[in-house]
Structures are given as structure tokens and as C-alpha cells.
Amino acid sequence: MPETIISNQGAGSADEALYPDYFARFYDLIYHQVRDDVDNEYYLKKAVGTKGRILEAGVGTGRLFTATLDNGADIYGIDISPAMTDILKSRLNDSQGSRITCQNIIDFKFDFSFDLIMAPFRVFMHLTEKSDQIRALNNVYEHLNPGGRFIFDVFVPDLQILISGLNNVIDFDGEFEPGNRLKRTVTTRPDLINQLINVTFRFDWNEGRSIFTKEWNTSLRYFFRFELEHLIERSEFDSYTICGDFEESELSPESKEFLISCMKC
1 MPETIISNQG AGSADEALYP DYFARFYDLI YHQVRDDVDN EYYLKKAVGT KGRILEAGVG
61 TGRLFTATLD NGADIYGIDI SPAMTDILKS RLNDSQGSRI TCQNIIDFKF DFSFDLIMAP
121 FRVFMHLTEK SDQIRALNNV YEHLNPGGRF IFDVFVPDLQ ILISGLNNVI DFDGEFEPGN
181 RLKRTVTTRP DLINQLINVT FRFDWNEGRS IFTKEWNTSL RYFFRFELEH LIERSEFDSY
241 TICGDFEESE LSPESKEFLI SCMKC
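Each residue of the sequence shown is one higher than the last, beginning at 1 in this note's numbering.
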């Protein structure tokens, strides 16, 4: 008989914001497929075009970091999840690996400053408290050189999905190695009062005759346009722009992304 192993990490645990090891293991498999064509070219172009130091907050397993480093950029990376940074460091030599540290965007510290800090793919949405959002913005500001920029993105809320949520939507189903398959299912439950999307990721995969099922619960904070403007204006940043996509188009009813660029004069 096949062996079945089930685990459930509930929302509300102290490690809710940390990616578990199985999430990190399959991260590249899933997100290289569903995300690279969306934002990779944009952030890579911004990073490679920066002459000074760069910091990627939420570096993860290096989806953007490794390409940026390969293009000769002076880039560093932080992430709060050791499971993610362990995978990234395993792909780097010792000198490159020293550029990666486990730190939080809220209170990270470096002895030097950056000309570009970027937080791609919804990193800012993991900050569910207003106080943490302001702390993050001001900490980034303090680590930027004059003329430096902080670029991050969050999605434009789809009101219909916010109200109804998602119920067992399969966003990946395929082989991760010959004979072994992974299926990931996503369920969301909206908390409209607190502007949270409570997400359950369910992973089902096999390794030979062993069958594994694990669930991870986390919460994301969604934002509206004027809320973002008020938030940034409360921070130390001198100016900012908000675009509607990774082509830096103006916001419109068709916009799916809020792409925010904050400038330090």
C-alpha cells in the first residue's frame, strides 16, 4: 500500500510568514512557470541598469537574483525564510553566498547604502500591519543613497474575487521529476474588514509509492490606490509614482498591477 503523510501548518502560528521547506522545494518549479513572463524582464532591466549597489528584499530562491548577478550587477539579497535562502545559497559560491542574509524588510541592517532596493512579487503584501508597512518604507529609505529608488509591486484588488474568494483552484499540476507529480491547490477566504486575503496552499505529491499532502496557511494584505498614496506620503520618501503594469503604463480600469517607485532626493 502507498504511504500517505499529511501535515497541516495553521494560520496564526508564529511562523506563518515563513515559507516551509516543501514550499521552498517546489517554488522554482511553480513560479518560473507562472511568474517569469510577468515581471522578470522589468526588474532585471532596472537592476542591470543601476550602476551602484542593489538590494532585493524577499530574494527567495533567487528567481531574479541569480540572473541579475550573472549580468554583473552588484546585488545583495535578504529574505526572512531560511528554507528559501538555503536553496539559493546552495546555487552560489562562497563569495556570492555571502551576499545573502536572513533579514526582514522591516528592520534589516547594512553598513552601506544602495542605489536601488526592490521588493518584487508581492513582498510588501506580507506586511499586514500599518506600523510594519511604515517601518519597512522608512528602513528602506534610510538604506538608500540620495537619488536612490525603492520599487515594489502589489496587485490591483479584483472585487469579485475578494468577495467570493477562490475554492480549491489548481494552479499547478505536473511532474517535478520523472514518475513523480505535484499538484498545488489554492483556496482563499477574504477578511474584508481587515483587508486580508487568507490563503491556504495545499500540496499533493508522490515520491515513488509514498504520497504526501501538506497545507500552509498565510495572510496577504491588499491595497487600494489612494491607500498606497497616503501610506507613502506618511513615510520619509520625497516623491513616488504608481504605474499600472510592468510597461510603466498609467493606471487605468484595465490595470492589474500597482507598480510603485519611491524616490529619495
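Built from N, CA and C at the ideal position, the CB exists for glycine as well.
Backbone secondary structure at residue i - three-state DSSP
| i | result |
| --- | --- |
| residue 182 | strand |
| residue 128 | coil |
| residue 25 | helix |
| residue 161 | helix |
| residue 44 | helix |
| residue 18 | coil |
| residue 270 | Missing from the structure shown is residue 270; the chain here goes from 1 to 265 and no further. |
| residue 217 | strand |
| residue 251 | coil |
| residue 135 | helix |
| residue 142 | helix |
| residue 11 | Because the pLDDT of residue 11 is 37, which lies under 50, any placement of that residue in the model is unreliable, and the number read from its coordinates should be weighed accordingly. Of the three classes helix, strand and coil, the one that applies to residue 11 here is coil, per DSSP. |
| residue 50 | coil |
| residue 38 | helix |
| residue 241 | strand |
| residue 211 | strand |
| residue 80 | coil |
| residue 61 | coil |
Test item: CB-CB of residue i and residue j under 8 Å
| i | j | result |
| --- | --- | --- |
| residue 244 | residue 261 | no |
| residue 73 | residue 50 | yes |
| residue 269 | residue 185 | What the structure shows of the chain is the stretch from 1 to 265, and residue 269 is not part of that stretch, so it cannot be assessed. |
| residue 213 | residue 199 | no |
| residue 145 | residue 236 | no |
| residue 87 | residue 118 | no |
| residue 292 | residue 63 | No answer is possible for residue 292: the residues shown for the chain start at 1 and end at 265. |
| residue 266 | residue 69 | One cannot answer for residue 266 here, as it falls past the ends of the chain, which runs 1 to 265. |
| residue 121 | residue 35 | yes |
Closer than 8 Å to chain C by CB, residue i
| i | result |
| --- | --- |
| residue 24 | Checking the listed chains, one finds no chain C in this structure; it contains a single protein chain. |
Member of the options whose CA lies at the smallest distance from the CA of residue i
| i | options | result |
| --- | --- | --- |
| residue 18 | 102, 75, 154, 182 | 102 |
| residue 264 | 82, 241, 172, 178 | 241 |
| residue 172 | 178, 117, 77, 183 | 183 |
| residue 78 | 47, 238, 110, 33 | 110 |
| residue 194 | 24, 229, 90, 162 | 162 |
| residue 259 | 82, 125, 61, 32 | 125 |
| residue 190 | 57, 158, 216 | 158 |
| residue 52 | 94, 61, 93, 116 | 116 |
| residue 205 | 45, 233, 179, 220 | 179 |
Endpoints, the alpha helix (DSSP H) within which residue i is located
| i | result |
| --- | --- |
| residue 70 | 65–70 |
| residue 226 | 225–234 |
Bounding residues of the beta strand (DSSP E) (the contiguous stretch that carries residue i)
| i | result |
| --- | --- |
| residue 259 | 257–263 |
| residue 192 | Element bounds for residue 192: n/a, residue is neither H nor E. |
| residue 54 | 54–57 |
| residue 170 | 166–177 |
Contiguous beta strand (DSSP E) assignments of at least 3 residues, all confined to the region 88–122 | 100–102, 114–119
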